[in-house]
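Here our numbering is used: the first residue of the sequence shown is 1, the next is one more, and so on.
Heads up, the beta-carbon is just placed ideally off N, CA and C, and yes, glycines get one too.
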Amino acid sequence: ADLGCALDDVPNFEGVVFDEPEPPPGQDKILLPVQAAFVGAMALAGIDVVSLSNNHVLDWGARGLQETTKHLSAAGVGSFGAGQSIDEAAQLELRDVAGLRLGLLGFTCESTHPGAWAGAGPGVARLQDDDVESRVASAKARCDVLLVSVHWGDEHVAWPSPQQLSMARRLVDADADLVAGHHAHVF
Numbered sequence: 001a002d003l004g005c006a007l008d009d010v011p012n013f014e015g016v017v018f019d020e021p022e023p024p025p026g027q028d029k030i031l032l033p034v035q036a037a038f039v040g041a042m043a044l045a046g047i048d049v050v051s052l053s054n055n056h057v058l059d060w061g062a063r064g065l066q067e068t069t070k071h072l073s074a075a076g077v078g079s080f081g082a083g084q085s086i087d088e089a090a091q092l093e094l095r096d097v098a099g100l101r102l103g104l105l106g107f108t109c110e111s112t113h114p115g116a117w118a119g120a121g122p123g124v125a126r127l128q129d130d131d132v133e134s135r136v137a138s139a140k141a142r143c144d145v146l147l148v149s150v151h152w153g154d155e156h157v158a159w160p161s162p163q164q165l166s167m168a169r170r171l172v173d174a175d176a177d178l179v180a181g182h183h184a185h186v187f
């Protein structure tokens, strides 16, 4: 695999692999359940890592996140950007691709209304945390190429906002090689 193809094959997995069809009590937003068979199909298609840093990974709470990572892991699909703590959510995912060490970090922007920020408990890595740039610089020291995947933007708006462009520049200045955004639902 070449590096370009590897970067193309890092999707945002915006859903929860959970066998419980009933929505959790008090849940009033759109839920995105995914059948476990889909994870196997992704693996067969060559997807071996996904970003979980988004506003739907906690649709079924901590248990849904645990189930999702369990199913992904069982299919040989790695993940990054969400976890049982801030350290796990912001952990660098490393891959060897075309003789290079590829690093992957995932963050979520507050404007996308994620279910929870990782901290003492489960959640996603928050883009606005003061230490984002130091996390990026530290991650880059451990890899040759660093992709920062960010869940941000306004739905159905095809262009990044000035704030997103400014933050993307800060991430690049902190040594990210590529900043990839998702959430807008435009193609």
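In the structure shown, H56 falls within a coil segment according to DSSP collapsed to helix, strand and coil. Comparing alpha carbon positions, the residue from R142, G123, S166 and A137 closest to L100 is R142. If you check the CB distance, E93 and G78 come in under 8 Å. In the three-state reduction of the DSSP assignment, S51 falls in the strand class, which pools E and B. For A45 and R63, the gap between their C-alpha atoms comes out near 27 Å.
In the structure shown, V10 adopts coil according to DSSP, grouped into three states. Boundaries of the alpha helix (DSSP H) around L165: P162 to D173. Within a 10 Å sphere around the beta-carbon of V179 sit 16 or more other beta-carbons, which makes this residue buried. One Cα belongs to S111, the other to V34, and the distance between them is close to 24 Å. Between A43 and G76, the CB-CB gap stays under 8 Å. Every alpha helix (DSSP H) stretch that sits fully inside the region 63 to 126 and reaches 4 residues is listed by chain position as 86 to 89. Going by C-alpha positions, L52 is about 23 Å away from Q163. The residues L105, L146, V148, L171, A174, D175 and A176, in chain order, have a CB closer than 8 Å to that of V136 in the same chain once the five nearest residues on each side in sequence are set aside.
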